[in-house]
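Participant: Shown below is the structure under consideration.
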Amino acid sequence: MLAFTRREGEEVVIGDPAAPLGIVRVSSIKGDRVRLAFDFSREIPVNRREVADQINSNQPGKDGNPIDGQSPPASTPLSSPQKVNPSNRFGWDYRALGAQFPKLPFAITDAHSHVNGGRASAILREAMDLFGIGSIWSMTYLEQVPAVRAELGDRLRLIAVPDFASKDRKYALGAGFLERIGQYHELGSRLCKIWAAPRSVDYAIEAGDATMFELDAPIRIAAMDMATKLGMSLMVHIADPDTWFQTRYSDAARYGTKSAQYLPLERLLDRFTAPWLAAHMGGWPEDLNFLTGLLDRHPNLFLDTSATKWILREISKHPAGAVQNFLERFRGRILFGSDIVTTDEHMIAGESKSEMAAKASRPEDAFDLYASRYWALRTLWESRFDGESPIADPDLAMVDPKRFSAMDAPRLRGQHLPASLLKSLYVDAAANFISAGASVGAARNASGQTR
Ligand SMILES: [Zn+2]
Numbered sequence: 001m002l003a004f005t006r007r008e009g010e011e012v013v014i015g016d017p018a019a020p021l022g023i024v025r026v027s028s029i030k031g032d033r034v035r036l037a038f039d040f041s042r043e044i045p046v047n048r049r050e051v052a053d054q055i056n057s058n059q060p061g062k063d064g065n066p067i068d069g070q071s072p073p074a075s076t077p078l079s080s081p082q083k084v085n086p087s088n089r090f091g092w093d094y095r096a097l098g099a100q101f102p103k104l105p106f107a108i109t110d111a112h113s114h115v116n117g118g119r120a121s122a123i124l125r126e127a128m129d130l131f132g133i134g135s136i137w138s139m140t141y142l143e144q145v146p147a148v149r150a151e152l153g154d155r156l157r158l159i160a161v162p163d164f165a166s167k168d169r170k171y172a173l174g175a176g177f178l179e180r181i182g183q184y185h186e187l188g189s190r191l192c193k194i195w196a197a198p199r200s201v202d203y204a205i206e207a208g209d210a211t212m213f214e215l216d217a218p219i220r221i222a223a224m225d226m227a228t229k230l231g232m233s234l235m236v237h238i239a240d241p242d243t244w245f246q247t248r249y250s251d252a253a254r255y256g257t258k259s260a261q262y263l264p265l266e267r268l269l270d271r272f273t274a275p276w277l278a279a280h281m282g283g284w285p286e287d288l289n290f291l292t293g294l295l296d297r298h299p300n301l302f303l304d305t306s307a308t309k310w311i312l313r314e315i316s317k318h319p320a321g322a323v324q325n326f327l328e329r330f331r332g333r334i335l336f337g338s339d340i341v342t343t344d345e346h347m348i349a350g351e352s353k354s355e356m357a358a359k360a361s362r363p364e365d366a367f368d369l370y371a372s373r374y375w376a377l378r379t380l381w382e383s384r385f386d387g388e389s390p391i392a393d394p395d396l397a398m399v400d401p402k403r404f405s406a407m408d409a410p411r412l413r414g415q416h417l418p419a420s421l422l423k424s425l426y427v428d429a430a431a432n433f434i435s436a437g438a439s440v441g442a443a444r445n446a447s448g449q450t451r
């Protein structure tokens with residue numbers, strides 16, 4: 001094996017110096033950690049040993065995919081290293097990559113997003129057009145609806161959310177939310193989001209009553225009552241990734257175990273017969289057997305596949321065919337979603353004071369942030385891509401800080417779904433969810449029923 005001694009910033013050129021195959025650069029050295037940058041064309045896979053071994057040990061799916069050209073996007077030249085950011089670890093040109101996806105015979109519905117900010121919405125619209133996203137369901141703040149609608153028009157479908165920016169959380173999630181649900185409904189919204197992640201316990205303790213924001217607490221039930229009486233469907237955020245239960249929620253006395261999160265949900269799914277959309281594959285993409293039981297027990301339950309980093313990481317880990325079988329079994333009940341968060345704070349250069357500004361601080365980075373999600377999700381569902389994700393996933397370092405840095409990323413393994421299943425995931429399931437909600441609403445009006 002050839003070995004060189006190099007210092008930080010120095011490079012090794014692989015292949016013909018006049019037309020190199022690629023360049024390896026020592027980008028930084030910190031303690032016992034060396035960061036290497038690989039400047040290669042995308043045809044040449046570059047993987048950490050652990051990921052390479054994982055790829056070798058898995059048989060790629062061998063089913064034929066009837067969508068023509070439904071293969072991983074071909075190579076794209078690397079852009080300048082200045083393009084590298086947490087949404088774009090390899091400095092790719094997402095515009096060039098987006099143009100390489102096959103044009104689908106339908107427009108995709110993104111059923112989970114948080115679109116705010118007029119300038120940010122315009123950048124998102126470019127990413128939507130590039131990746132074939134027709135309409136987007138969004139938890140847009142009431143105050144931001146005019147600015148977002150000015151850019152997205154009727155491609156935007158509103159999801160009612162409380163004013164999370166309010167300092168008075170008890171009011172914002174209680175009486176304040178009831179008012180807002182009515183206002184969202186008047187703006188055409190037919191979906192109301194109940195956010196019950198384990199960390200809502202922290203907010204509840206801050207507000208003086210640890211049980212105040214539990215999923216079946218009185219102020220939550222009041223919101224569900226209000227929404228369903230207006231003929232709206234319900235959306236719920238339940239649980240969080242296994243990686244979070246291993247780390248930030250390791251205090252089970254405070255947060256409860258992961259399974260415990262689902263007990264109130266199952267009771268409420270029986271009590272409120274409206275369609276429910278459980279975000280992030282019902283909060284448990286790690287466990288398809290659990291989700292199978294949950295979906296079997298509750299025919300009014302639908303799932304969205306949002307939260308790009310979480311979904312990429314966990315869906316890629318399942319044995320070949322398992323995810324496709326699951327989606328096939330619950331065809332029409334699993335909706336495509338991204339969980340893209342847009343805000344005009346993504347355009348602010350300089351000091352990254354807020355969490356949002358830290359993710360992107362100029363329009364180009366905001367574009368990468370939004371476009372990378374659609375690139376990665378379409379690649380996950382449609383292609384045979386098998387390599388490291390271009391999106392940094394800090395959960396790796398959170399669980400194993402010795403092995404990973406915040407810029408590392410997990411394996412992304414394309415599921416190469418057949419065309420008809422893709423159509424269900426991308427558009428038909430969303431239409432199905434809307435019509436299920438409309439028929440429950442119509443039945444309620446016809447009988448004047450208010451249970
Ligand atoms: Zn979300």
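The opening residue of the sequence shown carries number 1 in my numbering; numbering runs sequentially from there.
Even for Gly, the Cβ is constructed at its ideal location relative to N, Cα and C.
Which residues in the same chain have their Cβ closer than 6 Å to the Cβ of Met226, if we skip the five residues on either side of it in sequence?
Facilitator: Leu178, Ile181
Participant: Pick helix, strand or coil for Leu458, following the three-state DSSP scheme.
Facilitator: Because the chain is modelled from 1 through 451, residue 458 falls outside the range shown and cannot be assessed.
Participant: How about Asp386: is its Cβ closer than 6 Å to a heavy atom in ligand 1?
Facilitator: no
Participant: State buried or exposed for Asp395, treating a residue as buried only when at least 16 other CB atoms are found within 10 Å of its CB.
Facilitator: buried
Participant: Since Ala322 contacts Leu377 with CB under 8 Å, what's their CB separation in whole angstroms?
Facilitator: The beta carbons of Ala322 and Leu377 sit about 18 Å from each other, so the pair does not count as a contact at 8 Å.
Participant: Return yes when the C-beta of Asp339 is under 6 Å from any heavy atom of ligand 1, and no when it is not.
Facilitator: yes
Participant: For Gly9, which option in Met1, Ser27, Gly22, Ala18 has the closest C-alpha, if you only look at C-alpha atoms?
Facilitator: Ser27
Participant: So the candidates are Ser447, Phe433, Ala446, Asp240; which of them puts its Cα closest to the Cα of Arg190?
Facilitator: Nearest to Arg190 by alpha-carbon distance, out of Ser447, Phe433, Ala446, Asp240, is Phe433.
Participant: Taking the C-alpha atoms as reference points, what is the distance between Asn88 and Ala392?
Facilitator: 8 Å
Participant: Is there contact here, the segment 426 to 446 with the segment 403 to 413, by at least three beta-carbon pairs under 8 Å?
Facilitator: no
Participant: Is it true that the segment 239 to 249 meets the segment 190 to 207, where meeting means three or more beta-carbon pairs spaced less than 8 Å apart?
Facilitator: yes
Participant: Where Ser41 and Ile348 are concerned, what is the direct C-alpha to C-alpha distance, given to the nearest angstrom?
Facilitator: Straight-line Cα distance between these residues: approximately 32 Å.
Participant: Can you give, in chain order, each stretch of the alpha helix (DSSP H) that sits fully within the segment 410 to 441 and has at least 4 residues?
Facilitator: 419 to 423
Participant: Please state whether the Cβ-Cβ distance between Trp381 and Gln415 is less than 7 Å.
Facilitator: yes
Participant: Just to confirm my understanding: we take Phe272, look at its own chain, exclude 5 residues before and 5 after, and list those with CB closer than 6 Å. What are they?
Facilitator: Counting only Cβ-Cβ distances below 6 Å, and skipping sequence neighbours, we find Met224, Thr228.
Participant: Please confirm whether Arg169 and Ala107 have their CB atoms less than 7 Å apart.
Facilitator: no
Participant: In the structure shown, what three-state DSSP assignment does Ala19 receive?
Facilitator: It is coil, neither helix nor strand.
Participant: Return the residue from the list Ala397, Gly15, Arg25 that minimises the CA-CA distance to Thr472.
Facilitator: Here the chain comprises residues numbered 1 to 451, so residue 472 is not present and cannot be evaluated.
Participant: With a cut-off of 8 Å on the beta carbons, I'd call Ala279 and Asp304 a contact; round off their distance for me.
Facilitator: 6 Å
Participant: Can you tell me whether Thr211 is buried or exposed, with buried defined as 16 or more other CB within 10 angstroms of its CB?
Facilitator: exposed
Participant: If you run the structure through DSSP and keep just helix, strand and coil, what is Phe38?
Facilitator: strand
Participant: Can you tell which of Ser233, Ala147, Ser259 has its C-alpha closest to the C-alpha of Leu291?
Facilitator: Ser259
Participant: Closer than 7 Å by C-beta to Pro264: which residues in its own chain qualify, once you throw out the five before and the five after it? Chain order, please.
Facilitator: Answer for Pro264: Glu214, Leu215, Asp216, listed in chain order.
Participant: Unbroken alpha helix (DSSP H) runs of length 4 or more, entirely within the segment 250 to 297: which are they?
Facilitator: 252 to 255, 262 to 271, 279 to 282, 288 to 297
Participant: Which residues in the same chain as Lys423 place their Cβ atom closer than 7 Å to its Cβ, once the five residues preceding and following it in sequence are excluded?
Facilitator: Same-chain partners within the cutoff: Phe106.
Participant: Using the three-state DSSP reduction, which class does Arg169 fall into: helix, strand or coil?
Facilitator: helix
Participant: Just the C-alpha distance for Ser338 and Ala3, rounded to the nearest angstrom, thanks.
Facilitator: Straight across, the Cα-Cα distance linking Ser338 with Ala3 is about 43 Å.
Participant: Taking only the alpha-carbon atoms, compute the straight-line gap between Met139 and Arg7 and give it to the nearest angstrom.
Facilitator: 48 Å
Participant: In chain order, what residues of the same chain lie with their CB nearer than 7 Å to the CB of Thr308, ignoring the 5 residues before and after it?
Facilitator: Ser338, Asp339, Arg373, Ala376, Leu377, Ile391
Participant: Would you check if the distance between the CB atom of Leu425 and the CB atom of Ile334 is smaller than 7 Å?
Facilitator: Taking 7 Å as the Cβ cut-off, Leu425 and Ile334 qualify as a contacting pair.
Participant: Shortest alpha-carbon distance to Asp110 belongs to which of Arg444, Gly441, Asp428, Pro218?
Facilitator: When only C-alpha atoms are compared, the closest one is Asp428.
Participant: What would DSSP say about Trp137, mapped onto helix, strand or coil?
Facilitator: Note: Trp137 maps to strand in three-state DSSP.
Participant: To which residues does DSSP link Lys30 through a beta bridge?
Facilitator: Arg33
Participant: Hey, would you say Gly231 sits closer than 7 Å to Gly441, going by beta carbons?
Facilitator: yes
Participant: With distances taken from CA atoms, which of Gly188, Asn300, Gln261 is nearest Ser439?
Facilitator: Asn300
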